[in-house]
Every structure is written in C-alpha cells, then in structure tokens.
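Residue numbers (the UniProt record's numbering): 1 to 833.
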C-alpha cells in the first residue's frame, strides 16, 4: 500500500478485498501519481470477492473508441503484459483530465479467439487474461467456479459461440449449463483425459455433447459407449478401449440406417487395445476403390485444434444398401477411420460467388494453385484475370526435358509450376492451353501448399509460346521476364515478349546463336555462366546491353573491354595484356565510354597483365575520404557484387565531364592489412577488402626491387601472412621494410633458401603450413619462442623431442609439430589458422 514507484509485480500476496479497495482509493486520490502498472497475485487460500469489489466503484466497460492506442506501459518483468487488448474495466482519476486505466491481472478462465471459440481454462492461477479485442469480457477466478450458481453468469454474454474448448476437468452439470447458455454450440473439444470427470455410462447417455455436431474426446473406457450413442456429424475419439465387436456393431448399425448425420468417425485406440482388421473385413462386403473415381465431398468441419487427414480415395469402401451413400473405411491395429461421403455437387459453386468473395479466395492461393485452378474450367481464367495482380518478375526455366516458371510478386511470395518429362504417373489428366491439348499429372511435393504440374510427354517447342501466353493472360504483364536456359541453345523457340529483360545461359553457346537471340529480344541483362564459342563483332548488340556478366570470358575479354558502350560489365577469367587496359583507360578519359558506370575484370591466373606497368602510364591520385563519395560503386544485382566498404583505389578524372569520376580495377591481390596489424601477402582473385584507415595500392608479382616501394608505409606491422609461394628475396625485403615483425605465417610453400634464412630463425613466432622436407632444418636452427610446422615428413617428432632435451634454453617456450590436421595446441592469437 505504501508503494510510490512506477511498476510493481507481487506474487502470493496475503490480502483481501479491503486491501485492494484501499489501494484503488489511493490511486483515485492521486497519491500514486507515478504508478504505471501494478500486478498483484493473491495466494490461493485467500478469498477475493470480485463482485463486492466491482460494486464499490463505478467501473466502465471497455470501449475501443475511448481507449488510447497503447494503454499499458512497458513492463520490465519476465511475464510482461502482451500487446493485445485484454478485457478490462477502467476508472478515471480525479486529479487529471486525461483518461487513465486501472487493470488487474485476474485468473484466466475464459478466452475468445478470432474464430468464435470459447476456451475454458483455469489451470494456472498466475496466468494472464488474453482476450480478443472484439469480444472482451470479465472472467472469474477458479474459486468462483466451484459454485455452480455463480459460475454460469460469468460466461460471456454472447450467442455467436459455436465451439467450446475445455482445458481442465469439467463436471456434467457444468457442461449442461454451458449448453443452456449457448444453444448454438456445434463443436465441443475436451483437451485431455482430465476434462470429463463423470466416467459412468449414465452420464454419457444424458450428456448433450453426444448430440453435438462435432466432438473431440479423450475417451478411456467409455469410448465404446460414445461410439454407440453418438448422434452428431463428426467424432474424433482418442485413447479408446474397445474390441472388434464394437466396430462391427457400429458398421451394422450404420448399414441399418442409424447415424444419419455421421460423416467422420476417427478412433485411436488406447495402449493394450488392438483391432483385427481381417476379422472385421470378413463380416461385410467391402469393395476395392478404383483409381480415378471421385467419391464425393465433406462439409466444412468445426472441430478445432485437430488436423484430420481425409483420404478421398481410400482403397476400401462400403455402400449403403438404402440410399447408396459411400463410406471409406481404413482399419489398422491401433486406429479406425470411417468417412461418409456426400453424393452430389458441392453446396456452393465458385463461379456463383460474388466477385469480392472470389477475389479473397484467389488471393489466398499460390500461383501454382491458381494455374491448376485455371485449367479446371473455361470461365475461371477470366475470373483470375479480373484480379489485379502485381508481379515483379516471372522467370522461365527451360531445360532439355522440362519447362518451369517461378513468379516473384511484390509480396516476396514465390509460386512454381514445372513441366517435366519421363515421369511414370498412375493418373494422367489433360489440359487445354489455346488449341493445344497436353497430358499432365499433379506432382505432390513435401510442401503440399505449393503443388506442381508435371508434363508426362516430351516438350515440344510449340508448347512454350502457348504456355507463356496463357500465363500472361492470367496474371497480366510483369515488370520483367527472365529466361534461364540449361542444355538448350538460345536458338530454342521462345515467344517474343517486350517484358523479356534477362537471359541466364548455363551451357556452352555459340556466339552467332546468342547474337540472333539478342536481336529478337530487347534484353537489359545477360548472365552467361558457360563458354562461348566463336567471336563477336565490335558492333555487336551484346555490347549495348546494360548489364553483362560472363563467367568465362577468356579470349573475348579484350574485345569486350574496348568496345563495351553500356553501363555495367563483369568479366571473369579474362585473358588480356596490359596494353588493352591502358587503351581502355585512354578511351574512357577521352569520353568514349560515357555511359559506363562500373566494370569489373577478374583476370585468368596466367594472364600477361602487369599492374605496375599500368599504373606508371597515368598520373594517378591517392584516395582521399574528403573528396570521394561514401559509396563510389553502384549497386550490382548479381551474386558477386562489389562491397560497399572503402577499398584501396586510385582515381583519374575524365576530360569530358567536370564531375569527379573514379576508375577502379580489381587486380591480383598481393597485400592486405587487417585490424590486428597483420600484413597479408596474397595474389588470389577475390576482391580486396581494406579498412578505411589503411588503404594502399596492390602490386603484381613483378621483381622485388619494383614491388617494395608499393608495400604499405607502416612500422606497426607485427605479423605477416604469406598466402602464396615465397622466395628468399621477398622475405629479406619484408624484414628490411618492417623490422618490428614478431610473427610470420606461411600458408603456402616456401623457397629452400628462405627456409634457411637466419632472420626467419630469429623471429619469435613462425608457422609453416607446408614445411615438407624443410621441417628438420627449421627445427634445428630455430631460436625464437614458438614454432608450428605442418605437413613435415615422418620422424620429425623424434627430432623435436631430441632438440627439446638438448637445447635447454629459456628462450624457447614451446616447439610443437602438426602431424595431424585436427591437432591444435595453444598458439598465439596472431598465428592461429
């Protein structure tokens, strides 16, 4: 009562009505002006008369119009109040004119859901209320539920409840009173074995639940009585104790005309109960289902929290002798499924529904389902077309044996339909696209919400234009179409489409075929992941496409570099010399490549390009943060895109434009700085990533006397990492440039002379990944602190042990040998792999 803070969470409080009343009076008088939330849970043995509490104050019901959008402040305790609007009542403080809310966490007994279900739950005294904001009501605590007279008025005053879920033990009288309160109940769900306490047969006979349309029950020993007395439509019974005679009596009664409303009986047997399917099948004239025959349909179910698996084409079925109704029967030792199918047409036809309802249904379906629906009727495609679809991209996958399309809408949802040949399917259907009739079947994947159509015959070239036309008839024009080809030449017939913007080619392609395809289709992106046979002319339309990506450019690189006149180009495995790159830069400076925004060239390993010779040909300027933009490279849509971090680069100024433009080349990487002051020597192909504070130029594998001036001018390097083969001259020059080096790691092989260098033996920490036959020499002459040798010849371990016993020096802390790749003893952080 003396709390003056903001948030309070109190559990197992010893209190009564008077304490809570005094607390509310203090809040109304303004004594607790800082209070934002108070969560008070009384002990179970303390009675709290909620009705008396409500009579003292003038509470008002929850009103959405009068409520603030967020009425409960942040709560820092573990069980915080949820963001949903709970059921509550509010008072108004006299001190302030603003609307303030008083909310108490009360024991949960009822909860509404969006589908008009009433949930009865009182298992935890500390559970919070979680009410839907459209059907909010107050709930009593478990103490009140023991008094039958007071329990009934506490039910929500709503007549629209169609389903009730009981989570804990329920007496028969409480169930009957619930039916009196809600006469429109159609489904009752008993959650577990403790929900129904009256396990005598008389209670089962009198219970109104057996007349309800749908029940879900944990039966135990009364399962046989429920099966015999059920009068509803759907019964899902679990943990049933019954014998073969119970199932036989049930089937006989159904054949005699009982169970007129029954559609589903799903029985799962308890432990110890087993059904003899052979004995049951002998008693009746079961027929085997013929494939392809549709039995009928089931009405929509109201059973909640239970996913019924309805087998529409079960192998065995019974036919009613009077009305001809079909019932599928599935019998296993531990379960019994009995599905009665309604003859005739569906109760509602899709085409007879209002368009607004049709639109809601269609927008909940995937694009694959929409395509399947479109071939079911000649009128449905027109309905699908009326819906306004927003499609960003449609990608067509054309392979040698199948056609597939993927739709990418603005909502980032994907649909997929594939046409595959050579699949042996039992049931074959036909669909008509335009004037073409195709055989197909439905391919069931693990994701049943996205089925696929499978073509059962080889694809002809004429199918693709028809399929393409039908697809765009349904969903309209997309922002762009993409064509992905594998084991197929671009000469493959494809409909001329103004939306076809991107081509992905994965197999070897002829240059003349590619040229003809680009002539027919105004592409803006082309992505070639394969070899190209032949040559392109200097005036080829390929060089005018906005985005070009060649994974294996090879001999095409010089022509592409000098004659490209568009925006973006990426060439991998390019073979060209230094003169070609110099000529390109001169062209760019003279304004010939005025549209160019980005060009990435990744050279082949044995290329003749020499970066130093290229750099000496122009008056380069160093990178300066103040005059360069934050992101100097444009966005690149393909997989290997340029990083946005500041790389090391130089820039030139074009003579045509006064604006500052940058020319950056991806060259063989030789040096890289890291955050921990390591110098990495590498000449791999990947794009360099340099920290903002240590950017520098990257030289090639030229003679060392020309390489050293390009090494970073820094005395703070303490470690060097060599990624490629190291010569003696390189090692000595690095020691001259960086005299403070304490650790060296060789990730590649090392020259014989370099392995015998006195400078190497005097280094504190060395790590040789491929020591080979040089291991014994390094071990014998090492004078430092830690040496790690990997891949040395056998017998080196004995050498190490001998040296360790004979040296007797305090300078060596540890000498270890890597005979196995997974053996990792303690090593300095800078030398760890």
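We put the beta carbon where it would ideally sit given N, CA and C, even for glycine.
Note that the coordinates shown come from a computational prediction; the quantities given were computed from them, not determined experimentally.
* Selection from 517, 340, 226 and 591 that minimises the alpha carbon distance to residue 566 -> 591
* Keeping to the same chain, check which residues put their C-beta closer than 6 Å to that of residue 759; ignore five residues upstream and five downstream. => 735
* Run of the beta strand (DSSP E) containing residue 602, from where it starts to where it stops -> 598-603
* To do: Name the one or two DSSP bridge partners that residue 341 has.
  => 326
* Tell me the DSSP bridge mates of residue 216? -> 189 and 236
* Give a yes or no on contact between the stretch 275-291 and the stretch 219-237, applying the rule of three or more CB pairs nearer than 8 Å. => no
* Where residue 520 and residue 535 are concerned, what is the direct C-alpha to C-alpha distance, given to the nearest angstrom? -> 19 Å
* **Run of the alpha helix (DSSP H) containing residue 31, from where it starts to where it stops** => Element bounds for residue 31: n/a, residue is neither H nor E.
* **Nonlocal neighbours in the same chain, by C-beta distance under 6 Å from residue 601, ignoring five residues either side** => 571 and 574
* Can you list, in chain order, the residues of its chain whose CB lies under 7 Å from that of residue 812, leaving out five sequence neighbours each side? -> A caution first: residue 812 carries a pLDDT of 38, below 50, which makes its placement in the model too unreliable to give a value.
* CA-to-CA distance, residue 12 to residue 28, given in whole angstroms -> 25 Å
* Determine the DSSP secondary structure at residue 748, reduced to helix, strand or coil. => coil
* Asked: Helix, strand or coil: which one does DSSP assign to residue 266?
  -> strand
* Looking at the structure shown, is residue 9 part of a helix, part of a strand, or coil, going by DSSP? -> strand
* Since I believe residue 556 is in contact with residue 523 (beta carbons under 8 Å), could you give me their beta-carbon distance rounded to a whole number of angstroms? => Between residue 556 and residue 523 the Cβ distance is about 17 Å, and since that is not below 8 Å, they are no contact.
* Asked: Are residue 240 and residue 214 close, meaning C-beta to C-beta below 7 Å?
  -> no
* Distance, residue 752 Cα to residue 774 Cα -> 7 Å
* Asked: With DSSP run on the structure shown, which of helix, strand or coil describes residue 258?
  -> coil
* Whole-Å CB distance - residue 336 paired with residue 326, under 8 Å assumed -> About 17 Å separates the two Cβ atoms, so there is no contact after all.
* **Exposure label - residue 238; buried when at least 16 CB within 10 Å** => buried
* Is it the case that the CB of residue 619 approaches a heavy atom of the ligand PLP more closely than 6 Å? -> Annotation note on the ligand PLP: not contained in the displayed structure, which lists no ligands.
* Three-state secondary structure (DSSP) at residue 252? -> helix
* Asked: First and last residue of the beta strand (DSSP E) that includes residue 722?
  -> 719-722
* Asked: Does DSSP put residue 231 in a helix, in a strand, or in coil?
  -> coil
* Kindly list the residues whose CB is nearer than 8 Å to the CB of residue 242, restricted to its own chain and excluding five residues on each side of it in sequence; keep chain order. => 223, 224, 227, 267, 269 and 273
* Asked: Since residue 553 contacts residue 564 with CB under 8 Å, what's their CB separation in whole angstroms?
  -> About 11 Å; that fails the 8 Å criterion.
* Asked: If residue 474 and residue 381 are in contact, beta carbons under 8 Å, what's the gap, nearest whole angstrom?
  -> 6 Å
* **Separation of residue 177 from residue 38, as counted between CA atoms** => 35 Å
* Asked: When the Cα atoms are used, what is the spatial distance from residue 539 to residue 514?
  -> 14 Å
* Can you tell which of 254, 244 and 210 has the C-alpha that lies nearest to the C-alpha of residue 235? -> 210
* Asked: What's the C-alpha gap between residue 338 and residue 356?
  -> 37 Å
* **Simplified DSSP state of residue 546, which is helix, strand or coil** => coil
* **For residue 510: DSSP bridge partner residues** => 533
* Please determine, among 719, 754, 328 and 744, the residue with the shortest C-alpha to C-alpha distance to residue 729. => 754
* **Sheet register partners of residue 834 (DSSP bridge)** => Since the displayed the chain opens at 1 and closes at 833, residue 834 lies outside it and no answer follows.
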